[in-house]
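Per the working numbering, residue 2 is the first one in the sequence shown, and the count goes up by one each step.
All residues carry an ideal CB built from backbone N, CA and C; glycine is no exception.
Encoded as structure tokens, the structure appears first; notes follow it.
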Amino acid sequence: MTVSAVGDLSPRMRRITFTSPDLRDFQSWGADDHVKIFLPDPASPGGTSMRDYTPRYFDAAGESLTIDFALHDTGIATDWARGAKPGDRLAVAGPRGSAVVSDDFDHYLLVGDETALPAIGRRLEGLRPGVPVTTIMVVEDAAETQHIETRAHWQPVWLCRNGGAGGDATLLLEALKAWQAPAGDGYAFVAAEAAVARLLKDYLLDVRHHPKAWLKAAGYWVKGAAGATDKMEN
Numbered sequence: 002m003t004v005s006a007v008g009d010l011s012p013r014m015r016r017i018t019f020t021s022p023d024l025r026d027f028q029s030w031g032a033d034d035h036v037k038i039f040l041p042d043p044a045s046p047g048g049t050s051m052r053d054y055t056p057r058y059f060d061a062a063g064e065s066l067t068i069d070f071a072l073h074d075t076g077i078a079t080d081w082a083r084g085a086k087p088g089d090r091l092a093v094a095g096p097r098g099s100a101v102v103s104d105d106f107d108h109y110l111l112v113g114d115e116t117a118l119p120a121i122g123r124r125l126e127g128l129r130p131g132v133p134v135t136t137i138m139v140v141e142d143a144a145e146t147q148h149i150e151t152r153a154h155w156q157p158v159w160l161c162r163n164g165g166a167g168g169d170a171t172l173l174l175e176a177l178k179a180w181q182a183p184a185g186d187g188y189a190f191v192a193a194e195a196a197v198a199r200l201l202k203d204y205l206l207d208v209r210h211h212p213k214a215w216l217k218a219a220g221y222w223v224k225g226a227a228g229a230t231d232k233m234e235n
């Protein structure tokens with residue numbers, strides 16, 4: 002694929018659009034689907050490293066795919082995204098589909114850090130008009146919050162770590178404890194650092210008694226293990 006556009010949503014979130022005739026048959030129905038991108042690996046001349054990313058937008062007819070890159074202090078994907086420019090080329094495989102969640106729940110809860118923003122953004126944009134949805138998101142600071150168009154009745158809770166550790170569950174857990182679940186059947190989605198996501202998942206299951214079948218949790222990154230993820234059994 003070829004980079005066609007590069008723009009910044011915030012100081013730490015870069016949006017890159019790719020084009021390719023191969024995207025003509027691209028399909029992605031689940032909000033948290035992922036593709037694998039193959040990035041040049043400086044530690045292995047001529048080699049590549051794989052990373053998983055959520056397709057933020059895609060247009061099969063227009064042969065385009067948009068991916069949002071959360072920028073960290075350093076890392077193979079961050080370094081590539083910081084230097085990306087139109088005309089650059091990148092290999093992509095997938096997508097790998099996730100379960101498509103039906104939009105017939107009474108309410109939704111979406112929890113995560115900045116790595117989950119693309120999946121949560123897709124979910125918000127696809128929900129039916131008026132359905133209650135709460136998002137609890139932790140980001141670095143107020144500059145990292147996003148406005149997302151949705152027809153749902155969206156109640157966003159933005160938490161700022163302001164220099165705190167990215168793999169700390171404290172802010173998300175405290176906000177989750179304060180969350181008042183609406184009446185009816187709800188679907189919950191949690192994605193963050195693996196240990197954080199697992200802790201929040203256990204809290205929802207064991208303390209809030211959320212039905213296991215209506216909860217998905219995933220570790221989008223693993224502290225201390227570059228490129229690792231944790232696709233938890235739900």
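Residue i and residue j closer than 8 Å at C-beta
i: residue 172; j: residue 162; result: yes
i: residue 137; j: residue 180; result: yes
i: residue 60; j: residue 187; result: no
i: residue 191; j: residue 113; result: yes
i: residue 34; j: residue 96; result: yes
i: residue 69; j: residue 2; result: no
i: residue 36; j: residue 93; result: yes
i: residue 204; j: residue 117; result: no
i: residue 64; j: residue 99; result: no
i: residue 58; j: residue 67; result: yes
i: residue 145; j: residue 11; result: yes
i: residue 196; j: residue 224; result: yes
i: residue 176; j: residue 158; result: yes
i: residue 110; j: residue 184; result: no
i: residue 104; j: residue 129; result: yes
i: residue 143; j: residue 115; result: no
i: residue 101; j: residue 30; result: yes
Three-way DSSP call (helix, strand, coil) for residue i in this model
i: residue 38; result: strand
i: residue 197; result: helix
i: residue 230; result: coil
i: residue 83; result: helix
i: residue 22; result: helix
i: residue 122; result: helix
i: residue 215; result: helix
i: residue 9; result: strand
i: residue 146; result: coil
i: residue 169; result: coil
i: residue 62; result: coil
i: residue 182; result: coil
Nearest candidate by alpha-carbon position, reference residue i, set the options
i: residue 78; options: 96, 89 and 38; result: 38
i: residue 198; options: 34, 233 and 209; result: 233
i: residue 165; options: 140, 121 and 3; result: 140
i: residue 152; options: 102, 123 and 30; result: 123
i: residue 228; options: 47, 145, 29 and 54; result: 54
i: residue 25; options: 218, 121, 83 and 62; result: 62
i: residue 182; options: 156, 160, 168 and 167; result: 156
i: residue 148; options: 101, 125 and 206; result: 125
i: residue 278; options: 5, 73, 143 and 23; result: The structure shown has nothing for residue 278, since the chain only spans 2 to 235.
Which residues DSSP lists as bridging residue i, in chain order
i: residue 139; result: 114 and 160
i: residue 70; result: 15
i: residue 49; result: 41
i: residue 56; result: 68
i: residue 90; result: 3
i: residue 220; result: 193 and 231
i: residue 130; result: Partner(s): none; residue 130 has no beta bridge.
i: residue 108; result: 187
i: residue 154; result: 133
i: residue 97; result: 35
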